[in-house]
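Trainee:
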Amino acid sequence: MLLESANTLRYCRHILLPQVQEEGQEAIMASHVLVVGAGGLGSAVLPYLVAAGVGKITLFDHDTVDITNLQRQILHTENSVGQLKVESAKQQLTALNSQVKMTTYASEFTTHHEPELISADVVVDCSDNLATRLLLNRLCWTHKTPLISGSAIRMEGQLIHFPMRDGDPCYACVARLFKEPSLSCMEAGVLAPVVGTLGSLQATEALKSLLSMPPKTVSMLLYDAEHLTFKEFIIPKQPHCEVCAER
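The working numbering runs 1177 ahead of the 1-based position in the sequence shown.
1. Hey, how far is the Cα of K1414 from the Cα of D1345?
2. If you follow the beta strand (DSSP E) that H1209 is in, where does it begin and where does it stop?
3. According to DSSP, what are the bridge partners of M1279?
4. For the alpha helix (DSSP H) that V1227 lies in, which residues bound it at each end?
5. With a CB to CB cut of under 7 Å and the five nearest residues on each side skipped, what residues in its chain are close to V1242?
6. Look at the Cβ atom of G1232, then the Cβ atom of D1305, and state whether they are nearer than 8 Å.
7. Alpha carbon to alpha carbon, how far is S1182 from R1249? Give it in angstroms, no decimals.
8. Measuring straight from C-alpha to C-alpha, what distance separates R1353 and L1193?
9. Can you tell me whether P1292 is buried or exposed, with buried defined as 16 or more other CB within 10 angstroms of its CB?
10. Mind checking D1302: buried by the 16 CB within 10 Å criterion, or exposed?
11. By the 10 Å Cβ neighbour count, where 16 or more other Cβ atoms means buried, how is T1394 classified, buried or exposed?
12. Please give the ranges of any alpha helix (DSSP H) in the region 1298–1374, keeping only runs that are unbroken, at least 4 residues long and fully inside the region.
13. Spell out the partners DSSP gives T1427 in its beta bridges.
14. By the 10 Å Cβ neighbour count, where 16 or more other Cβ atoms means buried, how is L1384 classified, buried or exposed?
15. Where do the ends of the alpha helix (DSSP H) carrying E1291 lie?
16. With distances taken between CB atoms, is the gap from A1135 to L1226 smaller than 8 Å?
17. Just grab the DSSP bridge partners of L1261 for me.
18. Tell me the rounded alpha-carbon separation between Q1276 and T1319.
19. How many whole angstroms separate the CB atoms of I1411 and S1396, which I take to be in contact at a CB cut-off of 8 Å?
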């Protein structure tokens, strides 16, 4: 029984939910979530997972905090400028919930880190490059680890929850639609709260995965902040996908 009286009080708003209750909160507290990226998306994902009581979080990010990050990466502060993002994040997150075990890597996620992914219950992709997304997708499919993918630029964003079940599509099934963007946030810009909106949705889907509430079908959620609209498209499985096609 992981829930002592202090934790029962701390997480009581979760426990009141019929979808969570004590059993669900215990599952959250016993879980391991791997997060790649402590930037804009990660700045929303990480605090919510930590506040929710996720037992262990493994975080990857090779970058340092730049003054231009502070416009949207609210996990970091002015005092964090020049500091490794993983160090800045760990300081803030530990202050939020000291019970959560934080393991950080000041590096990009590579195949050498596969053991960390294998031990994770869910992977949250907050990276900003296609190569990392494809690598995470391939490894998550191999090990049947749920993957929550998100991205944001300008005034729009997208979210996909891949349960990685047999018969489901994977990120590679739609990757041809998302070539490496010609413009980055540095060049195209991004409205600050958009990354927070997408990151919050990623955190929600990660917790739902830990609570055994995966989506019935794999779909892409598109968010248009300018016109305040959400659109959802079911993702078909590609029969010749190089990752998830039956062989």
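Ideal Cβ placement from N, Cα and C applies to all residues, glycine included.
Mentor: Taking the structure as given:
1. Position 237 of the sequence shown, counted from the start, is the residue given in the question as residue 1414. Position 168 of the sequence shown, counted from the start, is the residue given in the question as residue 1345. Going by the C-alpha atoms only, they are around 6 Å apart.
2. Taking the sequence shown and counting its residues from 1, the one referred to as residue 1209 is at position 32. Start and end: H1209 to V1213.
3. Here residue 1279 is taken as the residue at index 102 of the sequence shown, counted from 1. Paired residues: I1234.
4. Position 50 of the sequence shown, counting from 1, holds the residue named residue 1227. Per DSSP, V1227 belongs to the alpha helix (DSSP H) from G1219 to A1229.
5. One-based indexing of the sequence shown puts residue 1242 at position 65. Closer than 7 Å at Cβ, skipping near neighbours: H1253, S1257, V1258, G1259, Q1260, K1262 and S1265.
6. Within the sequence shown, numbered from 1, the residue matching residue 1232 stands at position 55. Within the sequence shown, numbered from 1, the residue matching residue 1305 stands at position 128. Result no, Cβ atoms of G1232 and D1305 do not sit closer than 8 Å.
7. Translated into positions along the sequence shown, residue 1249 becomes position 72. Translated into positions along the sequence shown, residue 1182 becomes position 5. For R1249 and S1182, the distance between alpha carbons rounds to 36 Å.
8. Locating residue 1353 in the sequence shown gives position 176, where the first residue counts as 1. Locating residue 1193 in the sequence shown gives position 16, where the first residue counts as 1. Approximately 43 Å, taken between the alpha carbons.
9. Working through the sequence shown from its first residue, we reach residue 1292 at position 115. With fewer than 16 other Cβ atoms within 10 Å, it is exposed.
10. By one-based count along the sequence shown, residue 1302 stands at place 125. When all chains shown are included, D1302 counts as buried.
11. What you label residue 1394 is simply residue 217 of the sequence shown in a count that begins at 1. The residue in question, T1394, is exposed, as its Cβ has fewer than 16 Cβ neighbours within 10 Å.
12. 1307–1320 and 1362–1365
13. Outside the displayed span of the chain (1178 to 1424) sits residue 1427, for which this structure offers no information.
14. Sequence index remark: in the sequence shown, residue 1384 carries index 207 (1-based). With 16 or more other Cβ atoms within 10 Å, it is buried.
15. The residue you call residue 1291 lines up with position 114 of the sequence shown. Segment E1291 to I1295, the alpha helix (DSSP H) holding E1291.
16. In the structure displayed, the chain extends from 1178 to 1424; residue 1135 sits before or after that span and is not available.
17. Here the question's residue 1261 lines up with position 84 in the sequence shown. The partner list for L1261 (beta bridge, DSSP) reads T1241.
18. Against the sequence shown, residue 1276 aligns to sequence position 99. Against the sequence shown, residue 1319 aligns to sequence position 142. When rounded, the distance between both Cα atoms is 31 Å.
19. Here the question's residue 1411 lines up with position 234 in the sequence shown. Here the question's residue 1396 lines up with position 219 in the sequence shown. In this structure I1411 is in contact with S1396, their Cβ atoms being roughly 5 Å apart against a cut-off of 8 Å.
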